[in-house]
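Q: I have a structure here, written as structure tokens, and I will follow up with some questions on it.
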Amino acid sequence: MPTSQPKPPLNVILIGFMGCGKTTIGARLANLLGFDFIDTDSLIVAKAGKPIPLIFKDRGEAEFRELETSILDDLHRESRQRCVISTGGGIVTQPSNLEKMRSLGVIVWLTTSSQTLWQRLKRNRDRPMLHTENPRKTFDELLAARQPLYQSLADLTIDSSGLTPDEAAYGMSESVRFFFNPTA
Ligand code: S3P
Numbered sequence: 000m001p002t003s004q005p006k007p008p009l010n011v012i013l014i015g016f017m018g019c020g021k022t023t024i025g026a027r028l029a030n031l032l033g034f035d036f037i038d039t040d041s042l043i044v045a046k047a048g049k050p051i052p053l054i055f056k057d058r059g060e061a062e063f064r065e066l067e068t069s070i071l072d073d074l075h076r077e078s079r080q081r082c083v084i085s086t087g088g089g090i091v092t093q094p095s096n097l098e099k100m101r102s103l104g105v106i107v108w109l110t111t112s113s114q115t116l117w118q119r120l121k122r123n124r125d126r127p128m129l130h131t132e133n134p135r136k137t138f139d140e141l142l143a144a145r146q147p148l149y150q151s152l153a154d155l156t157i158d159s160s161g162l163t164p165d166e167a168a169y170g171m172s173e174s175v176r177f178f179f180n181p182t183a
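So this is what it looks like as structure tokens:
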């Protein structure tokens, strides 16, 4: 009797905190794998017709999260395959998103040190989640709350500390190839 082979995943889903390099490294990873690159934040901006800080200002975080979930539903409806999908750092906070992400493909958590993240984020004004009275405290709290969520969702973790975006993308491509072609 023929043994059934496990099905290869459909896509690569990148998760991780703001500033970890999902978009930069994800685009390079897509290039190395010959996949399309999709960024959920860009799709949200296109759907809402305004930049993310303005979506938060006009409609609040709850409506941003609804848009984010609707993007996952769109990707399912369109049966997207062979894509690297970079996601916003807060996508894991909505329990209903977790299964939607799992069924889209193999999930890779991109990490780097909290010092590096904070250095990248502290002067950036495009992250409304950090527009608070004490951004450093908010950063610490969000990071502490989200790390266990990334960890429990990830099939694979890549630490990009000390690596250039090209090095991180190359390392990731070698690791995820195994999921797509386990016998190679
Ligand atoms: C958010 C992260 C952002 C973006 C939005 C909310 C978050 O994406 O989705 O500002 O809650 O962490 P990046 O992780 O690409 O910065």
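In numbering that gives the first Met the number 0, the protein residues as written are 0 to 183. For each residue, glycine too, the CB sits at the ideal point set by N, CA and C.
1. Check whether the Cβ atoms of Thr39 and Ile106 lie closer than 8 Å to each other.
2. If you drop the 5 nearest sequence neighbours on each side, which residues of the same chain put their C-beta closer than 8 Å to that of Asp72?
3. Closer than 8 Å is the cut-off here; do at least three beta carbon pairs connect the segment 150-158 with the segment 168-182?
4. Under 6 Å Cβ to Cβ from Ile90, same chain only, skipping five residues before and after it: list those, please.
5. Output the distance between the C-alpha atoms of Ala153 and Leu103, rounded to the nearest integer angstrom.
6. The beta strand (DSSP E) spanning Ile90 covers which residue range?
7. What's the gap between the Cα of Gln150 and the Cα of Ala143?
8. Which residue marks the beginning of the alpha helix (DSSP H) containing Leu28, and which one marks its end?
9. Please report the distance separating the alpha-carbon of Thr137 from that of Lys121.
10. Looking at ligand 1, does it come within less than 7 Å of Arg126, judged from the CB to the closest heavy atom?
11. If you scan the segment 111-182 from start to end, which runs of the alpha helix (DSSP H) of 4 or more residues do you find wholly inside it?
12. Verify the contact flag: Met100, CB atom, against every heavy atom of ligand 1, threshold strictly below 7 Å.
13. Please classify Thr110: is it buried, with 16 or more other beta-carbons within 10 angstroms of its beta-carbon, or exposed?
A: The relevant details are as follows:
1. no
2. Shown here for Asp72: same chain residues with a beta carbon closer than 8 Å to its own, the five before and five after excluded, namely Lys99 in chain order.
3. yes
4. Taken in chain order, the residues that qualify are Glu67 and Asn96.
5. 13 Å
6. First-last for Ile90: undefined, no H or E at that position.
7. 12 Å
8. Lys21 to Leu32
9. 11 Å
10. Set against 7 Å, the gap from the CB of Arg126 to the closest heavy atom of ligand 1 is smaller.
11. 113-120, 134-152 and 164-179
12. no
13. buried
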